[in-house]
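What follows is a single structure, written as structure tokens, with notes after it.
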Amino acid sequence: MSKFRLSPRDVLTPDALAMLQRIAEAGSFAAAARAAGMVPSALTYRVRQIEDALDVLLFDRSSRHARLTSAGAELLREGARLLDELDAVANRVKRIATGWEAQFTLAVDGVINRTTLFELCEAFLALEPPTRLRLRDGILSGTLEALTSGQADLAIGVVAETVMPENVESLPLGSQRFIFAVAPHHPLATATSALDDATIGRHRAVAVADSTTRGSGITIGLLGGQDVFTVPGLAEKLEAQLRGIGVGFLPECLARPYIESGRLVAPPVARQERVAHIRYAWQRSSGLSGKAMVWWQARLADPVTREALLERRSLPR
7 MSKFRLSPRD VLTPDALAML QRIAEAGSFA AAARAAGMVP SALTYRVRQI EDALDVLLFD
67 RSSRHARLTS AGAELLREGA RLLDELDAVA NRVKRIATGW EAQFTLAVDG VINRTTLFEL
127 CEAFLALEPP TRLRLRDGIL SGTLEALTSG QADLAIGVVA ETVMPENVES LPLGSQRFIF
187 AVAPHHPLAT ATSALDDATI GRHRAVAVAD STTRGSGITI GLLGGQDVFT VPGLAEKLEA
247 QLRGIGVGFL PECLARPYIE SGRLVAPPVA RQERVAHIRY AWQRSSGLSG KAMVWWQARL
307 ADPVTREALL ERRSLPR
């Protein structure tokens with residue numbers, strides 16, 4: 007009859023790791039056994055079981071003292087980390103039972119002020135919730151898509167022109183004016199009369215790609231037949247226009263500091279000024295909202311917070 011051999015998962019229990027730690031601290035099997043109220047042979051047998059399952063020696067028994075081998079020291083280091091994680095999981099489960107979401111994901115459009123966003127994240131995490139907070143970038147209709155596909159719990163920066171599904175609720179965040187801006191060395195920078203679409207259309211546009219994975223998404227401000235340089239986000243669009251690679255409309259809060267410093271020029275245009283109406287949205291729930299959702303909705307209900315999210319400034323302290 008063959009001897010039954012335990013697997014590492016069978017032997018690496020929290021109790022076993024604590025036992026190994028006691029042996030290392032006591033310096034001998036006999037001292038650790040006395041502290042645990044065990045006979046030394048029983049403790050030695052349990053250690054042998056662990057060593058056989060791992061196929062390593064955890065203690066050097068060449069002297070009267072039990073000294074950890076390098077493998078044993080590593081096991082105790084990792085074991086201590088695992089025990090801490092088990093305690094953290096237990097505390098997390100208890101706190102989630104009080105109504106917190108396990109994870110809360112924000113889909114955030116590129117037009118949203120990142121400084122203000124991170125100030126809100128900092129305030130949320132200062133509560134030490136058991137909720138893991140996750141940010142997800144979105145552009146145009148891709149922000150709403152992240153919400154409706156279940157990849158986000160709250161979408162901040164949804165373009166109001168987007169058709170809202172029946173199961174989605176939304177509220178206004180604010181409005182954002184867009185300014186036509188070019189680099190000072192761009193040919194259109196010296197225009198004195200209002201630029202018409204035909205004139206603008208002869209120059210390359212810089213456009214931000216819609217992050218949706220369904221269909222072609224939304225295109226805003228592009229002219230038929232116009233050469234287009236497509237970039238992944240507003241930061242890249244700004245950089246391209248600062249370099250004179252192309253032209254386009256930028257959120258006023260983003261463009262204004264560069265216009266005031268002379269790094270961008272805002273020539274007059276004939277087309278109607280574009281003002282985007284921005285919203286935040288969440289899926290309608292049949293039950294009570296979790297505490298993370300309640301917290302974020304309460305902060306977004308504050309007009310000062312909403313204004314700061316659409317401006318390039320911080321929240322008041």
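Quick note: to get the numbering used here, add 6 to the position in the sequence shown (first position is 1). By construction, the Cβ of each residue, glycine as well, lies at the ideal position given by its N, Cα and C atoms. All figures in this text were calculated on a predicted structure; none of them were measured in a lab.
{"Item": "Sufficient close CB pairs (3 or more, under 8 Å) joining the stretch 305 to 313 to the stretch 190 to 203", "Value": "no"}
{"Item": "Reference residue 99; option with closest CA among 55, 135, 62, 60", "Value": "135"}
{"Item": "Separation of residue 83 from residue 63, as counted between CA atoms", "Value": "16 Å"}
{"Item": "Supposed contact pair residue 72 and residue 34 - C-beta distance, whole angstroms, cut 8 Å", "Value": "5 Å"}
{"Item": "When 123, 248, 105, 87 are compared against residue 113, the one with the closest alpha-carbon", "Value": "123"}
{"Item": "N- and C-terminal bounds of the beta strand (DSSP E) containing residue 257", "Value": "254 to 257"}
{"Item": "Bridge partner(s) assigned by DSSP for residue 185", "Value": "256"}
{"Item": "Same chain only: Cβ atoms within 6 Å of residue 170, ignoring 5 sequence neighbours per side", "Value": "176"}
{"Item": "Beta-carbon gap between residue 141 and residue 164 smaller than 7 Å", "Value": "no"}
{"Item": "Cβ-Cβ distance between residue 173 and residue 290 below 7 Å", "Value": "yes"}
{"Item": "Residue from 279, 178, 24, 111 whose Cα sits closest to the Cα of residue 324", "Value": "Any answer about residue 324 is impossible in this case: the structure gives the chain only from 7 up to 323."}
{"Item": "Secondary structure of residue 285, DSSP reduced to three states", "Value": "strand"}
{"Item": "DSSP bridge partner residues for residue 112 (one or two, in chain order)", "Value": "141, 160"}
{"Item": "Residue 294 versus 61, 22, 107, residue with shortest Cα-Cα distance", "Value": "107"}
{"Item": "Proximity below 7 Å, CB of residue 281 to CB of residue 243", "Value": "no"}
{"Item": "Straight-line gap, residue 262 to residue 139 (C-alpha atoms, nearest Å)", "Value": "32 Å"}
{"Item": "Residue 110 beta carbon less than 7 Å from that of residue 159", "Value": "yes"}
{"Item": "Reduced DSSP category for residue 224 - H, G, I as helix; E, B as strand; rest coil", "Value": "Confidence is the limiting factor: at residue 224 the pLDDT is only 47, short of 50, which leaves the residue's position unreliable and the question unanswerable from this model."}
{"Item": "Among 251, 205, 245, nearest to residue 231 - alpha-carbon criterion", "Value": "205"}
{"Item": "Simplified DSSP assignment, three categories, for residue 134", "Value": "coil"}
{"Item": "Rounded C-alpha distance that separates residue 27 from residue 288", "Value": "49 Å"}
{"Item": "Cβ shell of residue 51 (< 6 Å), same chain only, five flanking positions each side left out", "Value": "none"}
{"Item": "Opposing strand residues paired with residue 73 [DSSP bridges]", "Value": "66"}
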